[in-house]
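Colleague: My structure is below; once you've seen it, I'll send some questions.
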Amino acid sequence: MERFEPKKFILKKAGAFKSLLEGKRAIVAVSGGIDSLVCYEIVKKTPKIEENQIIPLMIDTGLMRENEVKTTQELFQKRYNVELQKWDRQEDFFSALKGIVNPQEKRKVFRETFYKNISQAMRSYSAEILVQGTILSDVIETQKGIKIHFNVLYEAGINPLNYGFQVFEPLKELTKTRVRMLAKALTLPPKLLKMQPFPGPGFALRITGEVTEERVEKIRKATSIVESELTSPKLFQGFPVLLVDKVTGIQNESSIIGDIIVLRIVEASKDLLTAKSLKLPWQKIEKVAKKLLKEIPGVVRVLYDITEKPPATIEYV
Ligand code: XMP
């Protein structure tokens, strides 16, 4: 197998982008994670690009982690002295997802809403190329029919030209491990390198049943608690999931009906097609469970998911 050389790879992809760009304008779909940031760094290395020829843009879906938009805007200001464009479409996403409970349907609606908005943004900036951080596991999972990842277009039978643009996906042949090698070679901040992967459809994948603003707020708060409390060098992704069921609990000595949160904590394999539940020390799990029960209103039960992938997937949707 050919040795992976990050610097060579970056130059090769920047060269390929130059031929595609040819005086056109491109938008980089920024999500706040390292995949899209590495994409931005690669295309910025294209020789002889003009000011405003490459525009970083974040669609605010309302389904992202606490402060994700603000932190990413600050990063762009500090690291590149560039204003990250924000396309605020929270209302559009919530109204599109209203009433949808089927996992596949949720993904489909998210994808349609996402690309409809990207398409509008591209037109308003007169951009013809969309740069996005699709990685190998997204493609393989879609091809195998495990899950259609929202950002995988061709393999899901969708031609981006129908949306009015071409796509450039420099990381499509890389595993997450290799993307992290690129990020390191590009000297991205260590904090970002350690960040847990967060899927594009965000909290829509971490809520079973209907996605509402109120339920997203609950899971967003729970996610901040889990991410700050549960750390381990072996942890790949560790997050809470809000279930649709309501169950009995006790509050102030009387019975209440409340929510269930599941803790999904996994160590991953190289290609993400398999994953194992992480055997964290019991005290750590208990501590975070107590915090969730205390700080998230309405939660009466916390469960720990011990299922491997397969048969389960990492996300719940
Ligand atoms: P699953 O749930 O299929 O997830 O075991 C495998 C990995 O992929 C991430 N994931 C996604 N990432 N778009 C993304 O960018 C998606 O639609 C998507 N769905 C899942 C998931 O977080 C995990 O790391």
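Using this note's numbering, you'd call the opening residue of the sequence shown number 701 and step up by one each time.
Cβ coordinates follow ideal geometry from the N, Cα and C atoms, glycine included.
Values in this document were obtained by computation on a predicted structure and should not be read as measured data.
(1) State the DSSP-derived secondary structure class of Gly799, mapped to helix, strand or coil.
(2) Within its chain, find whatever has a CB closer than 7 angstroms to the CB of Pro901; leave out the 5 residues flanking it on each side and keep chain order.
(3) Roughly how many angstroms lie between the CA atoms of Leu886 and Asp945, to the nearest whole one?
(4) What does the Cβ neighbour count give for Tyr740, buried or exposed, with the cut at 16 atoms within 10 Å?
(5) In whole angstroms, give me the CA-to-CA distance for Thr682 and Asp792.
(6) In angstroms, rounded to a whole number, what distance separates the CA positions of Gln773 and Val916?
(7) Within the segment 772-856, note down every full beta strand (DSSP E) run reaching 3 residues or more, in order along the chain.
(8) Under 8 angstroms from any heavy atom of the ligand XMP, does the C-beta of Ile1006 make it?
(9) Lys748: which of Glu722, Ile727, Gly732 and Asp1005 sits nearest, CA to CA?
(10) Could you give the residue range of the beta strand (DSSP E) that holds Gly732?
(11) The alpha helix (DSSP H) that contains Glu986, what's its start and end?
(12) Return the residue from the list Ala726, Ile960 and Phe936 that minimises the CA-CA distance to Glu700.
(13) Please report how far the alpha carbon of Ser819 lies from the alpha carbon of Ile985, in whole angstroms.
(14) So Ile710 is in the alpha helix (DSSP H); what residue range does that whole segment cover?
(15) Going by the C-beta, is Gly900 closer than 8 angstroms to any heavy atom of the ligand XMP?
(16) Return helix, strand or coil for Arg878, following the three-state DSSP convention.
(17) Less than 9 angstroms between the beta carbons of Val831 and Val728, yes or no?
(18) Inspect the beta-carbon positions of Ile800 and Val911 and report whether they are closer than 9 angstroms.
(19) In three-state terms, what does DSSP make of Lys724?
(20) Measuring CA to CA, which of Ile759, Gly938, Ala975 and Ile846 is closest to Tyr815?
(21) Secondary structure at Ala1012, three-state DSSP: helix, strand or coil?
(22) What span of residues does the beta strand (DSSP E) with Ile956 cover, start to end?
(23) Write down the C-beta distance between Gly938 and Gln896 rounded to the nearest angstrom, noting that I regard them as a contact closer than 8 angstroms.
(24) Helix, strand or coil for Leu871, going by three-state DSSP, please let me know.
Modeller: By the coordinates alone:
(1) Coil.
(2) Within the same chain, Pro901 has close Cβ partners Leu763, Arg807, Phe810 and Phe850.
(3) Leu886 and Asp945: Cα-Cα distance of roughly 45 angstroms.
(4) Around the beta carbon of Tyr740, 16 or more other beta carbons sit within 10 angstroms, so the residue counts as buried.
(5) Beyond the ends of the chain as shown, which are 701 and 1017, falls residue 682; an answer cannot be given.
(6) When rounded, the distance between both Cα atoms is 22 angstroms.
(7) The qualifying runs are 785-788 and 829-831.
(8) When distances are taken from the beta-carbon of Ile1006 to the heavy atoms of the ligand XMP, even the shortest one reaches 8 angstroms or more.
(9) Comparing C-alpha distances from Lys748 to each of Glu722, Ile727, Gly732 and Asp1005 shows the shortest one belongs to Glu722.
(10) Counting along the chain, Gly732 falls outside any beta strand (DSSP E), and DSSP gives it neither H nor E.
(11) Counting along the chain, the alpha helix (DSSP H) containing Glu986 begins and ends at Trp982 to Glu995.
(12) The structure shown has nothing for residue 700, since the chain only spans 701 to 1017.
(13) If I take the Cα positions, the gap works out to 43 angstroms.
(14) Run containing Ile710: Pro706 to Leu721, per the alpha helix (DSSP H) assignment.
(15) Taking 8 angstroms as the cut-off, the C-beta of Gly900 counts as close to a heavy atom of the ligand XMP.
(16) Reduced to three states, the DSSP call for Arg878 is helix.
(17) Yes; because the gap between Cβ atoms is below 9 angstroms, this pair is in contact.
(18) Taking 9 angstroms as the cut-off, the beta carbon of Ile800 is found closer than this to the beta carbon of Val911.
(19) Of the three classes helix, strand and coil, the one that applies to Lys724 here is coil, per DSSP.
(20) Checking every option, the nearest Cα to that of Tyr815 belongs to Ile759.
(21) Coil at Ala1012, not helix or strand.
(22) Element bounds for Ile956: Ser954 to Ala968.
(23) Correct: roughly 7 angstroms between the Cβ atoms.
(24) Coil.
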